[in-house]
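K.L.:
In our numbering, the protein residues as written are 4 to 238.
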């Protein structure tokens, strides 16, 4: 399996209470690749905790993420290979192909706009994984990489549905069939933002929210339709 970010709480426990049960239900006993979008606790903390329970073969991350407190501890995990990635690099894992769209080479900024952004393709479908980038970084990617590089069937909405991300122009360039917003139920930030939800509706983009549905499962066969399931949604 590949794991992209792992969440994180103010206090320890997300691995035991959330990640390990979910991975166990899927039959996952080893993480071949863990991808860290950036070093903030709410993305890195769960991966760091999980490394104490499950073997992680390789870590992919933006160079700046390795300088965060959590990132430093994660890359120091014994027996784990580390692969820095930046815009223009290509990567592969099993049947997946990845193009790195951000951050720019040499970008050592800390924070959300240093997030690793990946365009991931398999079996004729593309996912765009955006970390916590804001609209200024979206504009930079659009200018430097072009609309075609951003186009995707499925969008992981940036920054948990914050109003400062996922602009109308960015949504028009990506043109996803489905957007998924990862945010906690009753979170203190008001995510997802009503303004962000309005932008999705304006573009006619169907969306799912983990605060309402819990886990979202998306599957497809080669060239086939996206098949959705929300196995943890309240009945």
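Every residue gets a Cβ at the ideal spot worked out from N, C-alpha and C, and that includes glycine.
(1) Which residues in the same chain as residue 64 place their Cβ atom closer than 6 Å to its Cβ, once the five residues preceding and following it in sequence are excluded?
(2) So what does DSSP say about residue 17, is it helix, strand or coil?
(3) Residue 111 to residue 197, Cα distance in whole Å?
(4) List the residues that DSSP assigns as beta-bridge partners of residue 122.
(5) Can you list the alpha helix (DSSP H) stretches of 4 or more residues lying completely in the region 44–82, in chain order?
(6) Is the Cβ-Cβ distance between residue 203 and residue 210 less than 8 Å?
(7) Relative to the C-alpha of residue 91, which residue among 109, 33 and 81 is closest?
(8) Is there contact between the region 133–147 and the region 22–29, where contact requires at least three CB pairs shorter than 8 Å?
(9) Answer yes if the region 92–104 comes into contact with the region 52–59, meaning at least three C-beta pairs across the two stretches below 8 Å, and no otherwise.
(10) Taking the alpha-carbon of residue 127 as reference, which of 224, 16, 237 and 12 has the nearest alpha-carbon?
(11) Taking its Cβ as the centre, do 16 or more other Cβ atoms sit within 10 Å of residue 165, making it buried, or is it exposed?
(12) Which partner residues of residue 210 appear in the DSSP bridge assignment?
(13) Applying the 10 Å Cβ sphere with the 16-neighbour rule, what's the burial state of residue 169?
(14) Take the Cβ of residue 230 as the centre, count every other Cβ of all protein chains shown within 10 Å, and call the residue buried at 16 or more, exposed below.
(15) Whole angstroms is fine: what's the gap from residue 154's alpha carbon to residue 96's?
(16) By DSSP, does residue 230 sit in helix, in strand, or in coil?
(17) Since residue 71 and residue 48 are thought to touch, with beta carbons under 8 Å apart, how far apart are those beta carbons, to the nearest angstrom?
P.N.:
Let me lay it out:
(1) 39
(2) helix
(3) 32 Å
(4) 102 and 131
(5) 44–53 and 72–78
(6) yes
(7) 109
(8) no
(9) no
(10) 224
(11) buried
(12) 182
(13) buried
(14) exposed
(15) 21 Å
(16) strand
(17) No, residue 71 and residue 48 are not in contact; Cβ-Cβ is about 11 Å, not under 8 Å.
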